[in-house]
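Just so we're aligned, residue 0 is where the sequence shown starts under numbering that gives the first Met the number 0, counting upward by one.
Beta carbons: idealized from backbone N, C-alpha and C, even for Gly.
Some notes on the structure that comes next.
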Amino acid sequence: MKRTTKGTTVVGAITIVMALLLAAGCQQTQKVAATSEAEAVSAEEKGTEAAKTEEMEDVSMLYDFEPDPLRTVAQCAQCHIYVFEQLKKEGGKHQIECVQCHTEFHRYNPKTRPYETVIPKCATCHELFHGKGTTEVPLDDCAACHIDPHMPLVIPSAEIENACASCHKKEGDEVANNVSRHTTEVACVDCHADTHGFIPECSACHESHSPGVEMNSSNCMICHPVHMPTKIAYATDTSSVICAGCHDAAYGLLQKNHTAHTDLTCAECHKSHAKIPPCSECHGLPHSKMMMDTSKCGDCHGIAHDLAS
Ligand code: HEC
Ligand code: HEC
Ligand code: HEC
Ligand code: HEC
Ligand code: HEC
Ligand code: HEC
Ligand code: HEC
Ligand code: HEC
Ligand code: HEC
Ligand code: HEC
Ligand code: HEC
Ligand code: HEC
């Protein structure tokens, strides 16, 4: 054992000596050439000059290994922290390994390798996802709408302004076929502003016409289907105070002269807006046949909102 170790040391020492000889050329070789083991070791300890020389000589050694390629999200994230944060917050189903998409990276070169050739293609995994579209509304330029692949569902509404109805035929038809001022004065993207899928509150543009009751969008939409707001419909238990917002006279009369009709909601008689019910709808034929003419009921009973006692 001891012997072998010693032998190795000697061989090592000789190698160093030879290296030093070459480096130093013919300079003062006498001292260095000393075969003394101790001197050689001491040269190795100090020998910065010696080590440098060795590096220069065996420079290819630097490359003599297989690098461990960057692979994991954690590795990429160390440098691309901004991209990582985007994917973390808004990546959705794109929260996959970076290298699944970036099969090539760090190869961009403005002169020899244009950007388009190094970035992943949507088609590799999705094909023409929504079809080709039409010439007016093409759907094949993915990045026009999906502006950032690291946030695939963040789609600015302005980018898809003309395309809404090609994917939302039902709503497109509703708005177009029931012309209201939401058709003529408001565009899809005025309401569905900012990013795709945004739902507005009515209060962003309207004040309530019936401040007597607190109302939010979903209450408004009971009467006004938003894409066809003039197709007004409501249930019979709708609060009369809402109607009173515009018909305070009718409401006032009913309250003032308290009769059995006061206990009914407006909507129980006016089942659809502006429709006047005949008295007979609820009362049938209360008197003899001679008095059947509905238009005459009022002669004796006054008006429905203010029954004569
Ligand atoms: C040690 C830091 C570092 C690491 C780790 C790193 N990158 Fe980069 N990357 C850069 C730098 C620097 C650039 C050039 C400047 C820039 O675009 O931000 C770059 C550019 C890119 C580009 C732009 C296109 C190109 O080819 O240059 C892509 C894509 C990319 N990196 C993907 C990745 C992926 C995927 C990983 C993990 C597998 C990764 N990077 C890991 C530093 C790093
Ligand atoms: C679903 C595929 C996909 C995934 C997953 C993905 N990327 Fe990208 N990445 C792309 C595409 C496509 C582009 C080109 C975007 C452009 O320039 O419009 C891109 C661009 C980049 C760029 C250069 C432009 C920029 O935004 O800085 C970097 C750097 C980058 N990606 C890093 C990453 C890293 C790091 C990850 C993982 C944490 C990752 N990407 C995950 C598809 C992906
Ligand atoms: C390496 C494959 C790959 C590439 C390249 C790729 N995607 Fe995806 N993408 C996926 C996978 C996987 C899903 C999840 C699919 C699923 O669950 O049905 C996905 C989902 C999506 C989603 C839905 C995201 C969600 O959270 O629901 C959108 C939008 C999308 N991709 C757009 C794109 C666009 C645009 C590009 C090009 C910039 C692209 N993708 C490139 C793999 C990819
Ligand atoms: C005109 C705009 C537009 C274009 C162009 C477009 N998309 Fe989309 N894409 C959308 C919108 C809007 C959605 C719905 C997003 C949502 O669910 O909130 C969507 C959804 C998706 C989804 C997810 C669907 C799901 O149900 O999870 C994928 C995947 C997708 N697009 C891929 C693509 C690819 C690939 C291309 C290019 C071939 C492309 N898109 C072109 C607007 C567009
Ligand atoms: C490429 C097809 C596509 C285009 C273009 C498109 N959408 Fe969508 N949209 C979708 C898909 C897919 C969904 C998701 C449906 C689901 O989740 O049931 C969606 C969902 C929505 C939602 C519902 C969000 C929610 O919370 O329920 C609204 C609102 C919407 N889109 C409005 C619009 C408007 C406005 C436009 C035009 C500015 C538009 N979309 C353009 C495909 C599209
Ligand atoms: C005056 C504002 C306004 C306009 C204009 C408008 N929307 Fe809407 N939209 C809404 C509101 C509010 C909702 C939520 C409805 C609900 O909750 O029932 C909605 C819901 C939707 C939905 C989701 C439906 C669902 O069942 O989830 C889609 C899709 C949609 N709108 C598309 C469109 C399209 C396409 C246009 C243009 C043709 C359009 N909208 C015009 C206000 C508007
Ligand atoms: C982005 C703004 C905007 C939003 C959000 C909005 N509207 Fe409108 N609405 C308008 C404009 C503008 C008009 C036409 C001028 C007016 O009447 O104030 C209008 C008109 C109307 C009309 C009268 C339609 C006609 O043709 O006479 C009704 C009813 C209506 N809106 C109900 C609603 C309801 C209910 C909501 C919420 C679900 C809503 N609006 C959300 C902008 C908006
Ligand atoms: C009980 C049903 C009902 C409810 C709830 C309701 N409305 Fe109305 N709204 C009507 C009727 C009825 C009209 C009158 C229609 C006409 O002129 O023929 C109307 C008219 C409107 C108009 C047309 C302009 C005007 O002021 O005359 C707007 C705008 C409007 N409503 C917005 C709203 C909003 C916003 C809400 C919620 C805060 C709401 N409505 C709740 C029944 C209702
Ligand atoms: C018992 C049934 C009944 C009830 C409840 C009722 N109405 Fe009427 N309303 C009528 C009848 C019937 C007429 C036609 C005039 C008449 O013959 O009395 C009428 C007429 C009207 C008119 C047109 C004439 C006018 O007075 O301006 C308006 C507006 C009206 N009602 C609104 C309302 C409102 C708002 C309420 C609730 C506050 C209401 N009505 C409750 C039956 C009713
Ligand atoms: C935003 C204001 C508004 C609200 C709220 C409103 N109306 Fe009206 N109403 C009107 C206007 C304006 C007219 C006249 C134009 C028309 O006939 O559509 C009218 C007409 C009527 C008429 C017919 C009057 C006649 O002379 O023939 C009746 C009945 C009526 N409304 C009942 C109701 C009832 C019931 C409610 C509550 C469910 C209601 N209104 C809510 C604005 C409103
Ligand atoms: C939507 C149904 C409805 C309509 C329409 C209606 N009524 Fe009534 N009316 C009632 C109810 C419910 C009562 C209370 C129970 C009863 O007496 O039958 C009532 C009670 C009355 C009473 C008794 C008043 C009291 O205080 O005891 C008179 C009188 C009357 N109605 C007259 C009329 C006349 C006149 C008309 C048409 C102008 C009319 N009603 C339209 C539902 C209606
Ligand atoms: C010539 C006057 C006159 C006319 C016209 C008239 N009524 Fe009467 N009505 C009365 C008188 C008086 C009473 C109270 C005495 C009674 O109970 O018979 C009454 C009672 C009623 C009552 C209450 C019945 C009860 O059981 O309490 C109703 C409901 C009623 N009338 C509805 C109508 C209707 C609907 C019409 C039109 C078809 C009408 N009336 C036409 C004079 C009239």
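Counting the other Cβ atoms within 10 Å of the Cβ of residue 245 gives fewer than 16, which makes it exposed. Residue 160 places its beta carbon less than 9 Å from that of residue 186.
Along the length of the stretch 192-234, whole alpha helix (DSSP H) runs at least 4 residues long occupy 216-222, reported in chain order. In this structure, residue 264 has its beta carbon at no less than 8 Å from each heavy atom of ligand 7. Rounded to the nearest whole angstrom, the CA to CA distance from residue 251 to residue 304 is 9 Å.
Ligand 12 has a heavy atom closer than 8 Å to the beta-carbon of residue 279. Taking the Cα of residue 129 as reference, the smallest distance to any Cα among 116, 114, 145 and 118 is reached at 145. Residue 241: member of the alpha helix (DSSP H) spanning 239-243, first to last residue. Residue 231 counts as exposed, since fewer than 16 other beta carbons sit within 10 angstroms of its beta carbon. One thing to note: residue 165 has its Cβ within 9 Å of the Cβ of residue 138.
Spatial neighbours of residue 101 in its own chain (CB-CB distance under 7 Å, excluding positions within 5 residues in sequence) are listed in chain order as 119. Relative to the Cα of residue 293, the nearest Cα in the group 302, 285, 278 and 307 belongs to 278. Taking all protein chains in view, the Cβ of residue 239 is crowded by 16 or more other Cβ atoms within 10 Å, so the residue is classified as buried. Each residue's CA atom was taken as its position, placing residue 85 and residue 151 some 10 Å apart. Residue 158 holds the alpha-carbon nearest to the alpha-carbon of residue 193 among 261, 111, 158 and 72. Straight across, the Cα-Cα distance linking residue 301 with residue 255 is about 14 Å. At a Cβ-Cβ threshold of 9 Å, residue 209 and residue 163 do not count as neighbours.
Between residue 117 and residue 103, the CB-CB gap stays under 9 Å. Taking residue 121 as the centre and dropping the five residues before and after it, the same chain places the C-beta of 141 closer than 7 Å to its C-beta, in chain order.
The DSSP-derived three-state label of residue 251 is helix. The straight-line gap separating the alpha-carbon atoms of residue 147 and residue 127 is approximately 17 Å.
Excluding its 5 nearest sequence neighbours in each direction, residue 114 has C-beta neighbours in its own chain below 7 Å: 107, listed in chain order. Taken atom to atom, the span from the alpha-carbon of residue 98 to that of residue 175 is near 46 Å. When the Cα atoms are used, residue 262 and residue 253 turn out to be separated by approximately 9 Å. Placement of the Cβ of residue 130 at a distance of 8 Å or more from every heavy atom of ligand 9 is found.
By the 16-neighbour rule on beta-carbons within 10 angstroms, residue 149 is buried.
Listed as beta-bridge partners of residue 306 by DSSP are 301.
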